[in-house]
Amino acid sequence: MANIIPFKAIRPRTDLIEKIAALPYDVYSREEAREKVKDDAYTFLRIDRPETQFPEDYDMYAPEVYEKAKELLNKMIEDGEFITEDKPAYYVYELVMGGRSQTGIGACASVDDYENQVIKKHENTRADKEADRIRHVDVCNAQTGPIFLAYRGREDIQAQVDKAKEKPPVYDFTADDGIIHRVWIIDDEEAVAAIRDGFAKVDSVYIADGHHRCASAVRVSQKRREQNNDYTGNEEFNYFLSVIFPDDQLYIMDYNRVLKSLNGYTEEEFLAKTMEIFDVQRVGGTPYRPAKKGEIGMFLKDTWYKLSVKDEMLENDPVKDLDVAILQNYLLEPVLGILDPKSDGRIDFVGGIRGLNELERRVHTDCKVAFAMHPTSIHELFAVSDAGKLMPPKSTWFEPKLRSGILIHSLEE
């Protein structure tokens with residue numbers, strides 16, 4: 073059973089929400105983050121990326137950088153720019169992109185559930201990326217960016233969400249990228265109990281996005297447990313900030329591949345090799361978006377092709393049967409020599425939010441061939457996680473992104 077609990081959020085004053093809420097820290101390069109915070113006294117990115125408050129060549133992992141994040145957060149709280157709830161609550165969080173709505177619940181998830189694999193992952197994490205967020209959470213004594221979780225939806229939980237949305241939201245704003253964000257508070261004791269009981273009947277919860285933030289929150293909890301041998305398990309550091317969505321609400325976009333080299337092959341030779349592996353159909357100059365699983369679009373020398381997966385490639389395995397895995401195992405590795413897509417500089421990944429025109433642009437500038445993927449489904453993600461396996465890198469691209477700074481979870485009692 074999943075232990076998904078209400079909490080006393082620290083959240084922006086209503087009139088400042090649009091100024092404070094920011095995209096996650098990891099969607100920006102260092103240069104982009106510096107530019108974004110320039111002359112902006114409110115954006116939460118200043119706190120999530122505190123190195124932006126120091127000279128350009130400053131060590132972004134220096135102790136004083138994390139202290140600056142703590143200082144900025146505490147000052148905003150002291151100045152009344154953030155408020156703290158009087159009692160534990162759940163927070164209904166709706167995002168609308170292009171007219172499509174998805175609604176989750178802001179809550180705290182259990183570190184024990186993560187360690188006992190009630191909360192399941194589908195990616196490994198890198199120690200260096202974890203280290204940064206561990207220090208950020210530990211020094212700030214707060215979790216500032218929610219982990220994106222998913223579960224198989226339940227009618228009893230959804231009923232409480234629908235009821236909450238009948239009232240006016242506490243936040244309702246449109247971000248500069250056009251995404252609408254709305255938040256409602258559920259603090260009625262009966263409704264809170266119904267939601268908590270509903271989640272207690274959920275067998276598995278899945279990390280959709282935010283593996284590094286999740287792993288870092290767990291590491292901080294483990295550290296504090298070691299420092300407090302008499303901990304009860306009810307302390308705030310035993311939980312981490314999340315927004316949890318039912319599976320039928322989520323929208324996963326394609327995560328596409330571009331290659332900077334054909335590994336010594338001419339374009340004609342590479343096309344011939346591809347035709348030995350896949351069923352290949354020439355589409356022409358119009359961008360080809362795969363219509364279903366088992367189809368891959370390829371852009372080579374100003375021409376689009378449809379690659380179809382052959383039945384004999386399928387192994388009845390939740391990982392090996394992913395389109396991204398088939399492309400990697402049958403073409404990218406044996407033909408193009410991409411042994412490790414995580415570290416090989418010849419491959420790059422393009423989120424579906426950028427569109428197929430971006431794939432064409434890359435091939436016309438710095439790449440040789442591009443592959444348009446059909447989006448991995450949420451149920452494929454569930455199947456991989458349930459099998460205790462890991463997805464290939466860059467298998468899923470979730471949109472829209474949760475904003476940081478809307479809900480903050482303090483680790484203080």
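Count along the sequence shown from 1, then add 72; that gives the number in this note's numbering. Where a beta carbon is used, it is the ideal one built from N, C-alpha and C, also for glycine. It should be emphasised that the depicted structure is a prediction, and the values quoted were computed from it without experimental measurement.
Looking at Glu128, His451, Pro84, the one whose alpha-carbon comes closest to that of Asp320 is His451. Residue pairing of Met132 in beta bridges, as defined by DSSP: absent, with no partner found.
For Leu221, the closest of Ile229, Leu428, Ile191, Pro362 by C-alpha to C-alpha distance is Ile191. Residue range 261-272 is occupied by the alpha helix (DSSP H) that includes Phe271. For Met370, DSSP records a beta bridge to Tyr377, Phe443. Counting of Cβ neighbours within 10 angstroms places Ile267 among the buried residues, the total reaching 16 or more. Under the three-state reduction of DSSP output, Pro122 falls in the helix class. Here the alpha carbons of Glu143 and Ile82 stand approximately 15 Å from one another. By the Cβ-count criterion, Ser314 is buried, with 16 or more other Cβ atoms from all chains shown falling within 10 Å of its own Cβ. Distance between Asp228 and Gly270, taken at the CA atoms: about 6 Å. Residue pairing from DSSP places His481 in a beta bridge opposite Gln215. Every beta strand (DSSP E) of 3 residues or more that sits fully in the segment 291-349 is shown, in chain order, as 311-318, 327-331. The beta strand (DSSP E) runs of length 3 or more contained entirely in the segment 399-442 are, from start to end of the chain, 419-423. Excluding the 5 residues flanking it on each side, Ala444 has same chain C-beta neighbours closer than 8 Å at Asp326, Asn328, Pro359, Tyr360, Arg361, Pro362, Ile368, Gly369, Met370, Phe371, Leu428, Leu431, in chain order. Taking C-alpha positions only, Ser449 is separated from Thr375 by approximately 27 Å.
The segment 287-300 makes no contact with the segment 230-237; the number of CB pairs closer than 8 Å stays below 3. Following the DSSP letters along the chain, one finds Phe454 inside the alpha helix (DSSP H) bounded by residues 450-458. When only Cα atoms are considered, Arg205 and Ala199 end up about 10 Å apart.
When secondary structure is reduced to three states using DSSP, Arg198 falls in the coil class, being assigned neither helix nor strand.
Bridge partners of Phe79 according to DSSP: Ala161. With contacts defined by Cβ atoms closer than 8 Å, Glu202 and His253 do not form a contacting pair. Rounded to whole angstroms, Asp420 and Glu139 show a C-alpha spacing of 34 Å. Here the C-alpha atom of Ile89 lies approximately 15 Å from the C-alpha atom of Ile119.
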